[in-house]
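Input: a single structure, listed below in structure tokens.
Protein chains: 2
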Amino acid sequence: MRAPEQPYHHGDLRAALLERAAERLRLGTVADLSLRALARDLGVSHAAPSRHFPDRQAFLSALARSGWERLDAALAAADPGADAGLRPRLLALGRAYVRFATAEPALLELMFAGKAAGESHDGPGLSGPDSLVEDAQARGEARAGDPGELATALWAALHGVAALSVSGVLRGADVDALLVQTVDALLDGLRPR
Amino acid sequence: MRAPEQPYHHGDLRAALLERAAERLRLGTVADLSLRALARDLGVSHAAPSRHFPDRQAFLSALARSGWERLDAALAAADPGADAGLRPRLLALGRAYVRFATAEPALLELMFAGKAAGESHDGPGLSGPDSLVEDAQARGEARAGDPGELATALWAALHGVAALSVSGVLRGADVDALLVQTVDALLDGLRPR
DNA sequence: CCAACATTGTTGTCGGCGACTACATTCACT
DNA sequence: AGTGAATGTAGTCGCCGACAACAATGTTGG
Chain A
1 MRAPEQPYHH GDLRAALLER AAERLRLGTV ADLSLRALAR DLGVSHAAPS
51 RHFPDRQAFL SALARSGWER LDAALAAADP GADAGLRPRL LALGRAYVRF
101 ATAEPALLEL MFAGKAAGES HDGPGLSGPD SLVEDAQARG EARAGDPGEL
151 ATALWAALHG VAALSVSGVL RGADVDALLV QTVDALLDGL RPR
Chain B
1 MRAPEQPYHH GDLRAALLER AAERLRLGTV ADLSLRALAR DLGVSHAAPS
51 RHFPDRQAFL SALARSGWER LDAALAAADP GADAGLRPRL LALGRAYVRF
101 ATAEPALLEL MFAGKAAGES HDGPGLSGPD SLVEDAQARG EARAGDPGEL
151 ATALWAALHG VAALSVSGVL RGADVDALLV QTVDALLDGL RPR
């Protein structure tokens, strides 16, 4: 009763392509990713992927979408929650962001290259009902101001740290120290108090 | 005494390729950039570019290097100088950064995708002898701390704003407002004082 | 139950690209 | 003037994405 070695239908080629592509992206760049090579890997013909994605761009968009989901999940998992103070929370989120960027640089690049392709995205875990900023304001840890705008500013700073750490421009400088510096500047300000 | 219509030698094919490629990058992505198409544009044979760049990657690296020079120049031109306060200075630099990113999104992406390919780069105009941070510290506008590390944190934040604005995740939100929020958080801190 | 029909996969082909080789023309220097 | 380096040309190879025609399998309603 074993399944035949080579069933005509793959089962879930679409998911398999996305999964294998994510693996490949961990090693190489998006430019090195070829649908034909993936198809070869999975033992299907070179045209099979076209049954699931109209063209390469659509495939990359789907890949980016799954990347956003994984980043959201990683940040949600790293968030110590509203009970923690703002600083530990920002540091934990920042570290998770950097970890994701380091583990999957090409995927992160693809996610941000998606432009209008990727539907709207609010900045992972930073805004929304359980907003980090609103929590901090409620605890008196953040000054007043539009929570959405403040959250975006925080997101921008964390994203900048992750982007720089991945890009190699830091030349071996301590990424975690950079993150701490950035978070502390955001919380207490550069100006002497 | 006019030059022949089609001289055998181009004159400065290398520079022409880089220049034309930069133009193309203003419209499309780096993936759409082909050496053969550029050669066609410039009226040379498809193999001519290989005389100047051993392979496509080397060409892209050279393009990225010229991008860094232009970004450095743009930031240097936008810097109001040490006489200005820290806030106006950061805002001016941030606006120039965003302007560059908006005008040349694909080039900026290429510059940061260069990874180890691009030689070290200190973060445009933010560090070095005429460091913005050292100036601010001298004026009492910034707390003590390693100027290099603080400058990198500032760079990360500004880069994050530019990256987000280019990526489209902001969905039409006001980029300049985001920049102002970010700079103000960096200067005065999010915590109430 | 089985006959349409939709879904998914295959083979074949096309043009474009990057890389490489062999050859041609021009330049620069002695 | 002569010779070697620099620069450009033509041709080829293999890989890729896109497309078309065809085959196998899954599904559904009469």
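Here the protein sequences come in this chain order: A and B. Position 111, counted from 1, in the first sequence is what the UniProt record's numbering calls 111; the numbers after and before it change by one each time, with no gaps. Position 150, counted from 1, in the second sequence is what the UniProt record's numbering calls 150; the numbers after and before it change by one each time, with no gaps. From the three backbone atoms N, C-alpha and C, an ideal C-beta is built for every residue, glycine too.
Problem - Secondary structure of Phe-53/A, DSSP reduced to three states - result: coil
Practice task
Go ahead and pull the three-state DSSP assignment for His-159/A.
Solution key: helix
Handout entry: C-beta neighbour in chain A for His-9/B, strict 8 Å
Key = no
Practice task
Can you give me, in chain order, the residues of the UniProt domain "HTH tetR-type" (11-71) of chain A that have a beta carbon less than 9 Å from any beta carbon in chain B?
Solution key: Thr-29, Val-30 and Ala-31
Handout entry: Between the CA atoms of Leu-186/A and Ala-62/B - distance to the nearest angstrom
Key = 36 Å
Exercise for the section: Figure out for me which residue from Leu-27/A, Gly-172/A and Trp-155/A has the closest Cα to the Cα of Ser-131/A. Expected result: Trp-155/A
Practice task
Apply the 10 Å Cβ neighbour rule to Ala-15/B and answer buried if 16 or more other Cβ atoms are within range, or exposed otherwise.
Solution key: exposed
Problem - Top-ranked residue by Cα proximity to Ala-48/B, from Leu-33/B, Glu-23/B, Gly-81/B and His-10/B - result: His-10/B
Handout entry: Boundaries of the alpha helix (DSSP H) in which Leu-33/A is found, first to last residue
Key = Note, Leu-33/A: premise wrong, no alpha helix (DSSP H); not H, not E.
Handout entry: Sequence-distant residues of its chain with Cβ nearer than 8 Å to Pro-105/A (five each side left out)
Key = Val-166
Handout entry: Between the CA atoms of Glu-69/B and Arg-139/A - distance to the nearest angstrom
Key = 46 Å
Practice task
Note down, in chain order, every chain A residue with its Cβ under 8 Å from the Cβ of Ala-96/B.
Solution key: Here the premise fails: no neighbours, minimum Cβ distance about 16 Å.
Practice task
Quick one: using the 10 Å Cβ neighbour count with 16 as the cut-off for buried, is Leu-27/B buried or exposed?
Solution key: exposed
Exercise for the section: Could you tell me if Gly-67/A is buried or exposed, where buried requires 16 or more neighbouring beta carbons within 10 angstroms of its beta carbon? Expected result: buried
Exercise for the section: Consult DSSP for Pro-105/A and reduce its assignment to one of helix, strand or coil. Expected result: helix
Exercise for the section: Tell me, to the nearest whole angstrom, how far the beta carbon of residue 239/A is from that of Val-133/A; I am working on the premise that it is less than 8 Å. Expected result: This structure leaves residue 239/A out entirely; chain A is present only between 1 and 193.
Practice task
Reducing DSSP to helix, strand and coil, say where Val-98/A ends up.
Solution key: helix
Problem - C-alpha gap between Leu-17/B and Leu-60/B, whole angstroms - result: 11 Å
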